[in-house]
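These notes are about the structure you will find just below.
Number of protein chains: 2
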Amino acid sequence: MSAAALPLSADDIYDAQRRLRGVAASTPALSHLALDEIAGRSVVCKAEALQRAGSFKFRGAYNAVAALSPRERRHGVIGASSGNHAQALALTGRLLSVPVTVVVPHDAPKGKVDGARTLGASIVAYHRQRDDRDEIVAQLAVDQGLAVVPSADAQAVMAGAGTAALELLWQAPVLTAILVPVGGGGLAAGTAVAAKHINPHIKVIGVEPAAAADTAASLHAGQITELPAVPDTVADGLRHVSPAAMPWEINKTLLDGVITVTDAQIVQAMGWAFKHLKVVTEPSGAVALAALAGLDLPPGPVGAILSGGSVDLDAFHRLVAAPPPRKEPALA
Amino acid sequence: MSAAALPLSADDIYDAQRRLRGVAASTPALSHLALDEIAGRSVVCKAEALQRAGSFKFRGAYNAVAALSPRERRHGVIGASSGNHAQALALTGRLLSVPVTVVVPHDAPKGKVDGARTLGASIVAYHRQRDDRDEIVAQLAVDQGLAVVPSADAQAVMAGAGTAALELLWQAPVLTAILVPVGGGGLAAGTAVAAKHINPHIKVIGVEPAAAADTAASLHAGQITELPAVPDTVADGLRHVSPAAMPWEINKTLLDGVITVTDAQIVQAMGWAFKHLKVVTEPSGAVALAALAGLDLPPGPVGAILSGGSVDLDAFHRLVAAPPPRKEPALA
């Protein structure tokens, strides 16, 4: 499949960058000598946890809503989310005066849901195992005339997500590889299109929790593969049973591989980021950092996207102070 | 006293900026709608907690050591510090291959001291109540031929600290006031000289813990005033009994006032920064943020310098999860 036939182009990402100018935060690219030693190469962390609304999701949500017609905006938007996309949509609605409804799983972290509610979004809860989320969203969209803004499976959302990689390669042009968390796959897809447009030789490697390695399994099978059950991982933002359709079209072509990390490695990385980078990362936001210990890649500087930081202090402390047992290489 | 007679000029700060280019991190200027609402104005937080070695101190330490002669560098440097300057000097020594000795109080936070040790610095402990720190430093400097790099009381150190304000006013040129933590006073002095060079009308307001308000007391008395005892405040980096001499010469002329905050307000602000900004701040690093609730200043956008983030997760959680009782306005 040629790059021209992919459902996302570099131009889409540059368009998103123009819409996000002066709106999204330009997040820092952080480095630390100790991290370079652990990874055996220089490492730059793109701290999207510091993005507005706490994660990279704001880039995609804002870009998608800003691209709607005035009429669509007046009616409002709806999205489903484990939390970060909900907060991102809610902030977008607040900034653009667009009514927002978010459909969240019953077990989503309270902090994430409260964040969206405080920003004025209407919250609809569903049961992760029992209900069909997409059906609920579709029904509400029809009933209330709302535009659907998916968390990953839309061109404008992937394009917005890709602007983080544009920024990162402006901040650190020498990178030879980027490690990117994979949930629905929108961030990975946006990152791959943006990064390979700037540098066709760069490697873009996805990172998934070992228990939620649906994209790894799909790449291995050469087609979308569904996990037998909703994954049980500490990384609540990455509990996908299968890749989203549109990101998958890109990721199957452009991703150079997927690394998996254990929950123990993830919480180690969260503690490391707190201690050394002074950045709060949620479990899903720390998977790329977690993949750096024992990284098996050709030499060269590497970027890691710390995708989000929505986590309660109590939960953070509980996880990091008493992490699950581990045997794998991890950040010390 | 005219600006020309002050022991620090804008040129010194621009020189420092040149030395720090490509070495110090350009830390982000973060904003949040909820913070704007709390402060009743737009607020920009300069997140120096994300600076290399975890605080703004790296700017001054590196600038001071980089300005030494090759011969002085070969012999090595010594500095005294409650922790952040120690880590900053240690990292500087590592980067410039200069031997570093740091003299730290016996009760300095373990994490800060370990950070300096890991980077290769020699550690000498002293007792805060019993020993004369400056005497210990002076004796070791003479005995071993070391150049002294004070944590605040030196032109090159203040100049380096002032580069944070240069950056902040590049990132947010519209600021009408900057809130800056005051310990020894070096950051406040550097900030005041830099900010007022760029905008003579800008207000630079110091922030001190109520229990360690030595600069507030000195400004009130019109001369350096010593507190009766080593202050008891959660902000371990700001436990000064009196302002350092050289910063005082600047601050008494240029500071537009000092606000004090209670320990309860400080730990509230730490929790707020964790939850909303995703930045880890130590108590001393959160005082400017703590001063934003109930701020009594003319309208206009305000900058707050979050000066450092060296704090253990356990200590952070203990402080923030069970804060001291409070009656004052604080971040919700």
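Protein chains in written order, with our numbering: chain S, 122 to 453; chain U, 122 to 453. Ideal placement from N, C-alpha and C gives every residue a C-beta, glycine not left out.
With distances taken between CA atoms, S/P220 lies nearest to S/Q265 out of S/Q265, S/L413, S/L418.
When CB distances to chain S are screened at a threshold of 8 Å, the residues of the stretch 160 to 184 of chain U falling below it are A168, A170, L171, R173, G175, in chain order. Of the candidates S/L452, S/G429, S/M391, S/K399, S/M391 places its Cα closest to the Cα of S/R439. Boundaries of the alpha helix (DSSP H) around S/E256: 254 to 265.
For the C-beta of U/P230, not a single chain S residue is nearer than 9 Å; the gap to the nearest is close to 12 Å.
Within the same chain, no Cβ atom closer than 7 Å to the Cβ of S/A443 is found once the five residues on either side in sequence are excluded. By the C-beta density criterion, S/R360 is buried, having at least 16 other C-beta atoms within 10 angstroms. In this structure, U/G241 keeps its C-beta atom at 8 Å or more from the C-beta atom of U/V223.
Any Cβ of chain U closer than 8 Å to the Cβ of S/K233 would place that residue at the interface, and such an atom is absent. A distance below 8 Å separates the beta carbons of U/K178 and U/N205.
The beta-carbon separation of S/G305 and S/L376, rounded to 14 Å, does not stay under the 8 Å limit for a contact. Taking 8 Å as the cut-off, the beta carbon of U/G232 is found closer than this to the beta carbon of U/D433. CA-CA distance, S/V245 to U/A412, rounds to 37 Å. Against chain U, a Cβ distance below 7 Å from S/D136 picks out nothing, because the smallest value is about 24 Å. From the listed residues S/G175, S/R254, S/Y135, the smallest Cα separation to S/N184 is found for S/Y135. When C-alpha distances from S/G307 are compared across S/L261, S/K373, S/A338, the shortest belongs to S/K373. DSSP places U/A168 in the strand class (E or B) of the three-state scheme. For S/L210, no Cβ of chain U is located within less than 8 Å of the residue's own Cβ.
Chain S places a beta carbon closer than 8 Å to that of U/H438, counting this residue as a contact. The C-alpha of U/P128 lies about 37 Å from the C-alpha of U/W393. In terms of Cβ geometry, S/Q250 and S/V314 do not form a close pair [threshold 8 Å]. The C-alpha of S/K399 lies about 31 Å from the C-alpha of S/A277.
Residues G306, S339, I345 of the same chain have their beta carbon placed closer than 7 Å to that of S/W369, with the five preceding and five following residues left out of the count. When secondary structure is reduced to three states using DSSP, U/E158 falls in the helix class. In its chain, beyond the 5 residues on either side, A174, K178, F179, A182 have a beta carbon closer than 6 Å to the beta carbon of S/A209.
Rounded to the nearest whole angstrom, the CA to CA distance from U/S147 to S/T148 is 11 Å. Judged by DSSP secondary structure, S/K396 falls outside any alpha helix (DSSP H); it is assigned neither H nor E. Judged by DSSP in its simplified three-state form, U/I345 adopts coil rather than helix or strand. Under the 10 Å beta carbon count, U/D133 is surrounded by 16 or more other beta carbons and is classified as buried. For U/T148, the chain S residues whose Cβ falls inside 9 Å of its Cβ are P149, in order along the chain. Secondary structure of S/S130 (DSSP, three-state): coil. Interface residue (Cβ-Cβ distance to chain S less than 8 Å): U/D353 is not classified as such. Ranked by how close their Cα comes to the Cα of U/A268, the residues U/D228, U/R194, U/A293, U/L212 have U/R194 in first place.
U/G429 is positioned such that its CB atom lies closer than 8 Å to that of U/A170.
U/V144 and S/R142 have their alpha carbons spaced roughly 27 Å apart.
Taking S/A155 as the centre and dropping the five residues before and after it, the same chain places the C-beta of H397 closer than 7 Å to its C-beta, in chain order.
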